[in-house]
Amino acid sequence: MSHEKYQSAIKALHECMEACNHCFDSCLQEEDINMMKECIRLDRECADICAYLEQSLVRGTPFAAELAQVCVKICETCGEECKKHDHDHCQKCADACFNCAEECKKIA
């Protein structure tokens, strides 16, 4: 199976997707939701690209490098935004995003 070589990336992508979805949902519960809107938007973008790339790698996409390159950019951008907020869910999301970006760089 060709996806076996991507196991660490697939794991990081899944963890990032979960962290972004949790952060997204938690941000919606914050008191100053207006302050969180960029974080919410980027959480959504990041969760979606991570889920898509995870599925694509499992099915053996021929576009792994190109998709991983896009994923790196989105994960890093989301991580930088989340890092700005002191909430625990944002800090955990930032860590997951940066870890995922590093794994995707190995593919890109």
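Note that this note's numbering has the sequence shown beginning at 9, numbered continuously upward.
C-beta atoms are modelled at their ideal positions from N, C-alpha and C, and glycine is treated no differently.
Asked: On the premise that Ile57 lies in contact with Ile18, defined as a C-beta separation below 8 Å, what is that separation, rounded to the nearest angstrom?; Found: Rounded, the Cβ-Cβ distance is 14 Å, inconsistent with contact.
Asked: In whole angstroms, give me the CA-to-CA distance for His30 and Pro70.; Found: 30 Å
Asked: What residue range is occupied by the uninterrupted alpha helix (DSSP H) comprising Phe106?; Found: Asp96 to Ile115
Asked: Return helix, strand or coil for Glu12, following the three-state DSSP convention.; Found: helix
Asked: Can you grab the Cα-Cα spacing for the pair Glu74 / Cys54, in whole Å?; Found: 16 Å
Asked: By a C-beta neighbour count over all protein chains shown, 10 Å radius and 16 as the cutoff for buried, is Met9 buried or exposed?; Found: Here the model assigns Met9 a pLDDT of 48, short of 50, so the residue's position is not dependable, and the following value carries that caveat. Classification for Met9: exposed.
Asked: Looking only at its own chain, which residues have a Cβ that is under 6 Å from the Cβ of Cys79, when we skip the five neighbours before and after it?; Found: Ile57, Leu61 and Cys112
Asked: Does Gly87 pass the burial test, meaning 16 or more other C-beta atoms within 10 Å, or should it be called exposed?; Found: buried
Asked: Nearest to Lys91 by CA position, among Lys114, Cys47 and Ser16, is which residue?; Found: Cys47
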